[in-house]
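Trainee: Residues 11 to 146, numbered by the numbering used here, are exactly what the sequence shown covers, in order. Glycine is no exception: its CB is placed at the ideal position from the N, C-alpha and C atoms. Right, I'll just put the structure down here and ask away after.
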Amino acid sequence: MMIKLWCTKIQNSPSRLEDLLKRMTLKEKIGQMMQLERKNLTAEIMKVKQYGVGSLLSGGGSWPCPNASAKDWIIMVNEFQRGSVSTRLGIPMFYGIDVVHGNYNNVYNATIFPITLALEQQALQHIRPFMTEFLH
């Protein structure tokens with residue numbers, strides 16, 4: 011029986027990566043570099059070996075269902091992930107959510123938090139007057 015080095019954590023990362031890349035077809039390598047919009051895919055398509063999509067994105071307005079709860083998101087992403095790991099090499103996918111304006115419009119009744127960029131700008135407004143005082 012041939013051991014899949016890339017599946018075992020005993021090996022160091024470069025060895026695992028080299029082993030995996032040797033096993034991948036050109037189509038699989040291309041598939042792993044693709045990020046597709048979630049609306050264009052189903053979990054069944056993720057299982058199709060010829061795609062091997064590496065990443066999915068929920069762009070603006072691409073939620074699992076109207077008034078989607080956190081549980082709805084988990085169920086949907088898990089379905090896609092099961093499809094992804096059922097491919098020949100079992101490589102898990104990355105999943106991204108477009109939250110330019112925060113998560114309030116993606117998860118129904120979610121607590122609204124400012125996006126990271128807004129927090130940074132707010133902090134800079136408070137810190138800026140003191141910055142010259144402490145810089146030498």
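#1: What does G106 pair with, by DSSP beta-bridge criteria?
#2: Label S68 either buried or exposed according to how many other C-beta atoms from any shown protein chain fall within 10 Å of its C-beta, with 16 as the threshold for buried.
#3: Specify, as a first and last residue, the run of the beta strand (DSSP E) that L46 falls within.
#4: If you follow the alpha helix (DSSP H) that L51 is in, where does it begin and where does it stop?
#5: Using a threshold of 7 Å, state whether the C-beta atoms of S94 and M103 are closer than that.
#6: Within 10 Å of its beta-carbon, does L31 have 16 or more other beta-carbons around it, so buried, or fewer, so exposed?
Mentor: A quick look at the data gives this:
#1: L67
#2: If you draw a 10 Å sphere on the C-beta of S68, you find 16 or more other C-beta atoms in it, and that means buried.
#3: Q45 to E47
#4: Element bounds for L51: n/a, residue is neither H nor E.
#5: Yes, Cβ-Cβ distance for S94 and M103 is below 7 Å.
#6: exposed
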